[in-house]
Each structure stands twice: as C-alpha cells, then as structure tokens.
Amino acid sequence: MSVKYLLSGFVVLAATCGFSKAAPQPKAQPTSATQTATHSSGKQTTASQGSVHPDDGQRVFEQNCSRCHTTPDGFSPRITGTVLRHMRVRASLSQHDEQELLRFMNGGG
Amino acid sequence: MPHCRLRLPLANAARTARQIAVVLTILCAGRYGGAQDTPLLSGGVGFFTSTNGGNTTYQPIIEPLLAAPIGQHLLIESRAALLETYAPRSNGLPGYDHTFFGAVTYLQGDAILTPHVTLVAGSFLIPFGTYNERLSPIWISNFQDGPLISSLGIMSTGTGVGGMLRGSAISRQKYSIDYAAYFSTRSGNEQFNSERSSGGRASLYLPEQRLEIGFSYDRLLQDTHENFYGAHVWWEPKDTAFRLRSEFARGHHAQGYWIEADYRTQAFGGLDSFIGRFEPVFRMQQTFRRDTIVSDGLPLVNTQRADFGLDYNLPHNTRIITSYARQFSSTGDRNVWETGIVYRFLFPAWKGKSQ
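Heads up: the protein sequence lines correspond to chains A and B, in order.
Numbering-wise (the working numbering), the first sequence opens with residue 1 and increments by one.
Numbering-wise (the working numbering), the second sequence opens with residue 1001 and increments by one.
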C-alpha cells in the first residue's frame, strides 16, 4: 500500500486521539434513557432531574451500550424491558447489569 | 454492501414472516398490558450508493428486527434483510438491471437460565470476532462495507443452526468476562442454511481502562475440517467520544486484520451541536493469502485498503454515511466511493397504554 495512505490514516488516528484528550467531558446526570443522546462512553445530555452522581445503571450504560451504538433519540417506555432483555443476550450483560439499567432507564437513578 | 445473507425467494420469505408473526401473536397476545415488555419492532431503513471501479450501484434496503419476550425468562428475536440492487448492465449496454433479495438473517429463542447463563436455540449469528454480531446492522456500522475479513470464521452463511450458551461469567467493578460457545449442525434448509461447526468467544473488559480484549475460535466440522482463530481489541478512552476498534482473524487459507477509529468532537457545543454531529472515521485493513485455495470470501491476492469516512448524525435517529476507499492489490488498485443514509426505527409492535 502506498505509504502516503498509511501515513495519512495514522495522522487521522493521532489527531483524533489528541482531540479526544483535549475535549473534557461535561458531567453527566442520571436520566431517563428516552431523554438521552449518547455517542460514546462519556457523553450524555439530559433534561431530567436527579442526583449529579452517576449511579450504577449509568455506569453500566456507559460501559456497555454505547460501545457499539448511539442511543436512540427516544422510545416508548413500554418496550424498555424488551430492549434490555434483547441487549442482555446480545451484549452478554449480567442480571445485575440488566436490573441496574432498567432502574436507570426508568429514571430511578 | 451491508453484510447479509441473501438466499430466500420472496415468496418463501413472506411465508416465513407470516408464520413467525402468527406464532408470536398467539404467544404474546394479551400478556403485555401496561408493562415494559411489549414486543418491539426495530431496525434500519437505508438507501446506499456505491461507485466501485467506475460502476455505480444503488441499493434501497430495510433490515427489520423483532424482539418478543415471553414470560420472565424467554425472548424470541429475529432480523431480516430486504433489499433491491440497481446495477449498470454488463457488456456496455445502457440502463440498469435490478435484483431483489430477501432473507431472514437469524431467528432464535433465548432462555435466561441463570444470572450467568443464557441458552440460545435456533438460527443465530455465529459469535466469532465482533463484526458479525455487533457491527453488521446497517444502523450501527460506520461504513457501508464490512471489513474484508468479515467472512472468516462465520462459516459461509454467518449463522449457525443449533444451540449456544452465552452470558456474563464474571462482572466486577474492575473487570468483567463474557463468553459464548455454540454448536451448529449442517443445514441445507433453504431458509436457515448453515454448516456443521463449533466454537466460541471469550472477552475480558476492563471498565477503568475502557479496554476490551477478546479471543475467538471455531472449527468447521464438515468436509475439510478447518480451524479459525480471531482476536479483537476495542478501546474507548474515558470521557471522550473516541472509539478504536480492531480485529484479527486467521483462517486455513487466509488471514487479515482491520483497525477502525471514529471520533465526534464535544468542543463546539457538545455532540448535538452542528459540528458535534460530524463523525470522521478511518479504517485500515489488510488481508494475506496463505495458499491459493479460495474458499473463504477474501480477495484472491494480498490486499490492502484504507477507508476514509465522514458520517453525519442527524436528529431523529438518522445518519448519513459517506466514505472513500483506496484498495491496493496486485490485480489492480481501485477507488471505492460510497454514500448512504440510514434511519433507525424502534417502537412497540402494537399500540397500548404506557404505565
């Protein structure tokens, strides 16, 4: 492969690493998942009220769900349990993680 | 082109879908009231274009996913792919030809046996590496094309027919280990084709470092028995919107790797700002042939490829995906331009009242 393509790729990688270090994360708040927009492990925006300390459900959410995908902009609370059961299988979540996520998505953090 | 299996005639696909819907309706009817376990319909609708070596193809696609819980410990889930491909006619003729494909990607039942063990039965995605299970849905992947090595270790069809045990073996604050082990029988069924094979995957995740390391192995148990080995490393530095994913796979006749990085800046008003919605993506991949017996879907000669992508995350679960790739091999270098738009949907399978 042409060296310039390799170099340019690694420059992009290095640049993104540099930017990522330079962009501190605003402190997240516990929230209902239907009000959350997340890209990666640290970033959430929310309008809900609650403690400023991340709960266990939020930790599980950040460490598991957003590793693969962004959070849907919103979905019905009627399917929260189904979503979690599906993701428990797909992402090999533990029972504890599933329960914490359910509590978190229901705004119980 | 998105990774999917395309082997069902339309009539069979429709019949299968009807049968599944009827069975699920019977099983689920009247159970859900105001609870949170209403069956859901999710998936992605997309329109893709790809210009490869000067030929442009167009592809509308829909990938629906159904998940229906039954009781407290069971879940039925299925995903399908329906797409139409418009490609230039061959031999220099003007105009386009189009072909329709429809396929059930997988249809499985999940039984949660213990907090650490889930039994999966039916037609399931083979747990080898990360791409097949995690990244192949069109509403998740950063590129239209799967990695060059995505066909290694997934036994031709990407699905197995049989059983699988999977779950979280250990989950602690500082680390967690998950696993999947499967056995698939040989199936010549038109709808659920599979090869006789066995294998699995184990992953270690370190939450503080946001680092995941995993290993996969499976073995083809029919015809010429072959082993496949895989490894993956994923890293998402804490408090950033940067992701680094990589995977290596080695088959009997070829091997290769891919490394992918994507990033969204938070420096200009957060991820939901105009700038924050941009997502530059880079992927580097190489494949190496170990012999000239071609049975694994990888290029016929050693190949290198660099993909440069720029995605844009619109509101309301819509995503624009664009990329340029330069592919190098002894058979000739070429450019691949791809653009597409994907909408992700997620809603209850039927109307009802929220609690």
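Think of the CB as a built atom: it goes at the ideal place given N, C-alpha and C, for glycine as much as any other residue.
Quick caveat, the model's predicted, so the values are computed rather than measured.
| Opening and closing residue of the alpha helix (DSSP H) in which residue 88/A lies | Counting from 1 along the first sequence, the entry for residue 88/A is found at position 88. Its alpha helix (DSSP H) spans residues 80-90.
| field | C-beta contact flag for residue 1212/B and residue 90/A at 9 Å | value | As a first step, residue 1212/B is located in the second sequence; it is residue number 212 there, counting from the start. As a first step, residue 90/A is located in the first sequence; it is residue number 90 there, counting from the start. Contact: no.
| Taking the C-alpha atoms as reference points, what is the distance between residue 1286/B and residue 1350/B? | As a working note, residue 1286/B is residue 286 in the second sequence. As a working note, residue 1350/B is residue 350 in the second sequence. So the alpha carbons of these two residues sit roughly 46 Å apart.
| request: Leaving out five residues on either side along the sequence, give the residues of the same chain with a beta carbon under 6 Å from the beta carbon of residue 1167/B. | output: Reading the second sequence from its first residue, position 167 is the one you call residue 1167/B. Contacts found: 1116, 1117, 1118.
| said: I'd like the span of the alpha helix (DSSP H) that includes residue 105/A, first residue to last. | reply: Taking the first residue of the first sequence as position 1, residue 105/A is located at position 105. Here the alpha helix (DSSP H) through residue 105/A covers 95-105.
| Under the DSSP definition of a beta bridge, which residues are partnered with residue 1088/B? | Taking the first residue of the second sequence as position 1, residue 1088/B is located at position 88. Its beta-bridge partners are 1096/B.
| Nearest-angstrom Cα distance between residue 1198/B and residue 1181/B? | As a first step, residue 1198/B must be located in the second sequence, where it is residue number 198. As a first step, residue 1181/B must be located in the second sequence, where it is residue number 181. Cα-Cα distance, rounded: 8 Å.
| query | When we look at the beta-carbon of residue 1095/B and count the other beta-carbons within 10 Å, is it buried (16 or more) or exposed? | reply | Taking the first residue of the second sequence as position 1, residue 1095/B is located at position 95. With fewer than 16 Cβ atoms within 10 Å of its Cβ, residue 1095/B is classed as exposed.
| What's the call for residue 1145/B, buried or exposed, on a 16-neighbour Cβ count within 10 Å? | Within the second sequence, numbered from 1, the residue matching residue 1145/B stands at position 145. A residue is called buried when at least 16 other Cβ atoms come within 10 angstroms of its Cβ; residue 1145/B meets this threshold and is buried.
| query | In chain A, which residues lie less than 9 Å from residue 1069/B when you measure between Cβ atoms? | reply | Locating residue 1069/B in the second sequence gives position 69, counting from the first residue. Per Cβ cutoff of 9 Å: 81, 82, 85, 86.
| message | Taking 9 Å as the threshold (beta carbon to beta carbon), is residue 55/A in contact with chain B? | response | The residue you call residue 55/A lines up with position 55 of the first sequence. Using a Cβ-Cβ cut-off of 9 Å, residue 55/A does not count as an interface residue toward chain B, since no Cβ of chain B sits closer than that to its own.
| task | With 9 Å as the threshold, decide whether the Cβ of residue 65/A is near any Cβ in chain B. | result | Your numbering for residue 65/A matches position 65 in the first sequence. Not one chain B Cβ lies under 9 Å of residue 65/A.
| task | Go ahead and label residue 1356/B buried or exposed: buried means 16 or more other beta carbons lie within 10 angstroms of its beta carbon, across all protein chains shown. | result | The question about residue 1356/B has no answer, for chain B in this structure spans 1001 to 1355.
| query | Straight-line CA distance for residue 41/A to residue 1042/B? | reply | On the first sequence, position 41 is the one that residue 41/A refers to. On the second sequence, position 42 is the one that residue 1042/B refers to. Confidence in residue 41/A is poor, its pLDDT being 35 and thus under 50, which makes the residue's placement unreliable; the coordinate value appears in the next sentence. In this model, residue 41/A and residue 1042/B are separated by some 23 Å (Cα to Cα).
| task | Note down, in chain order, each residue of its chain lying with its Cβ closer than 8 Å to the Cβ of residue 1055/B, except the 5 sequence neighbours on either side. | result | Within the second sequence, the letter at position 55 stands for residue 1055/B. In chain order, 1087, 1088 place their CB closer than 8 Å to the CB of residue 1055/B, counting only its own chain and leaving out the 5 sequence neighbours on each side.
| query | Name the chain B residues whose beta carbon is nearer than 8 Å to that of residue 103/A? | reply | As a position in the first sequence, residue 103/A is number 103, starting the count at 1. Per Cβ cutoff of 8 Å: no residues; residue 103/A is ~12 Å from chain B at best.
| message | Output needed for residue 1033/B: all residues of its chain with C-beta closer than 6 Å, excluding positions within five of it in sequence on either side, in chain order. | response | Counting from one through the second sequence, the residue named residue 1033/B turns up at place 33. Because the pLDDT of residue 1033/B is 45, which lies under 50, any placement of that residue in the model is unreliable, and the number read from its coordinates should be weighed accordingly. Excluding sequence neighbours, residue 1033/B sits near nothing in its chain.
| task | Report, in whole angstroms, the separation of the C-beta atoms of residue 1048/B and residue 1309/B, which I expect to be a contact under 8 Å. | result | By one-based count along the second sequence, residue 1048/B stands at place 48. By one-based count along the second sequence, residue 1309/B stands at place 309. Not a contact, Cβ separation roughly 13 Å.
| Proximal chain B residues relative to residue 95/A, where beta-carbon distance stays under 7 Å | As a working note, residue 95/A is residue 95 in the first sequence. Within 7 Å Cβ-Cβ: 1115.
| request: Classify residue 49/A as helix, strand or coil using the three-state DSSP reduction. | output: By one-based count along the first sequence, residue 49/A stands at place 49. Because the pLDDT at residue 49/A is just 33, under 50, the model does not fix this residue reliably, and the point stays unresolved.
| field | Close Cβ partners of residue 1304/B (< 6 Å) along its chain, the five nearest in sequence each way excluded | value | Within the second sequence, residue 1304/B is the residue found at index 304, counting from 1. Within the same chain, residue 1304/B has close Cβ partners 1286, 1328.
| field | Minimum length 3: unbroken beta strand (DSSP E) runs contained in the region 1303-1354 of chain B | value | Complete beta strand (DSSP E) runs here, min 3: 1303-1314, 1318-1329, 1334-1348.
| residue 1036/B versus residue 1067/B - alpha carbon distance | Counting from 1 along the second sequence, the entry for residue 1036/B is found at position 36. Counting from 1 along the second sequence, the entry for residue 1067/B is found at position 67. Here the C-alpha atom of residue 1036/B lies approximately 13 Å from the C-alpha atom of residue 1067/B.
| said: Quick check: what's the CA-CA separation for residue 103/A versus residue 60/A? | reply: By 1-based counting over the first sequence, the position of residue 103/A is 103. By 1-based counting over the first sequence, the position of residue 60/A is 60. Cα-Cα distance, rounded: 11 Å.
| task | Along the beta strand (DSSP E) that carries residue 1218/B, what are the first and last residues, could you check? | result | Taking the first residue of the second sequence as position 1, residue 1218/B is located at position 218. DSSP places residue 1218/B in the uninterrupted beta strand (DSSP E) bounded by 1211-1220.
| Mind checking if residue 75/A is an interface residue toward chain B, Cβ cutoff 9 Å exclusive? | One-based indexing of the first sequence puts residue 75/A at position 75. Between residue 75/A and chain B, the shortest Cβ-Cβ separation is below 9 Å.
| Which residue spans inside the region 1218-1250 of chain B form an unbroken beta strand (DSSP E) run of at least 3? | For the region 1218-1250 of chain B, whole beta strand (DSSP E) runs of length 3 or above, ordered along the chain, are 1226-1235, 1242-1250.
| When the Cα of residue 1302/B is compared with those of 1148/B, 1338/B, 1071/B, which residue comes out closest? | On the second sequence, position 302 is the one that residue 1302/B refers to. The option with the nearest alpha carbon to residue 1302/B is 1148/B.
| Candidates 105/A, 94/A, 101/A, of which the one nearest residue 1113/B by Cα | Locating residue 1113/B in the second sequence gives position 113, where the first residue counts as 1. Among 105/A, 94/A, 101/A, the Cα nearest to that of residue 1113/B is on 94/A.
| task | Compare the beta carbon distance of residue 1284/B and residue 1311/B with 9 Å and say whether it is the shorter of the two. | result | Taking the first residue of the second sequence as 1, we reach residue 1284/B at position 284. Taking the first residue of the second sequence as 1, we reach residue 1311/B at position 311. No, they are not a contact pair.
| query | In the structure shown, what three-state DSSP assignment does residue 1047/B receive? | reply | Position 47 of the second sequence, counting from 1, holds the residue named residue 1047/B. Strand, per DSSP.
| said: Using CA atoms only, rank isn't needed, just tell me which of 1342/B, 1338/B, 1294/B is closest to residue 1313/B. | reply: For the purposes of this step, residue 1313/B is taken as residue 313 along the second sequence, with counting starting at 1. Across the set 1342/B, 1338/B, 1294/B, the C-alpha of 1342/B shows the shortest separation from the C-alpha of residue 1313/B.
| query | Hey, how far is the Cα of residue 1290/B from the Cα of residue 1270/B? | reply | The sequence position of residue 1290/B within the second sequence is 290, counting from 1. The sequence position of residue 1270/B within the second sequence is 270, counting from 1. Residue 1290/B and residue 1270/B have their alpha carbons spaced roughly 47 Å apart.
| field | First through last residue of the beta strand (DSSP E) which encompasses residue 1161/B | value | As a first step, residue 1161/B is located in the second sequence; it is residue number 161 there, counting from the start. Element bounds for residue 1161/B: 1159-1171.
| Who are the Cβ neighbours of residue 1256/B in its own chain at under 7 Å, not counting the five residues just before and after it? | In the second sequence, counting from the first residue as 1, residue 1256/B sits at position 256. Non-local beta-carbon contacts of residue 1256/B in its own chain, meaning distances under 7 Å to residues more than five positions away in sequence, involve 1148, 1149, 1249, 1285, 1286, 1287, 1288, 1298 in chain order.
| query | Is the beta carbon of residue 1159/B sitting closer than 9 Å to the one on residue 1126/B? | reply | The count along the second sequence starts at 1 and reaches residue 1159/B at position 159. The count along the second sequence starts at 1 and reaches residue 1126/B at position 126. Yes, the Cβ-Cβ distance between residue 1159/B and residue 1126/B is below 9 Å.
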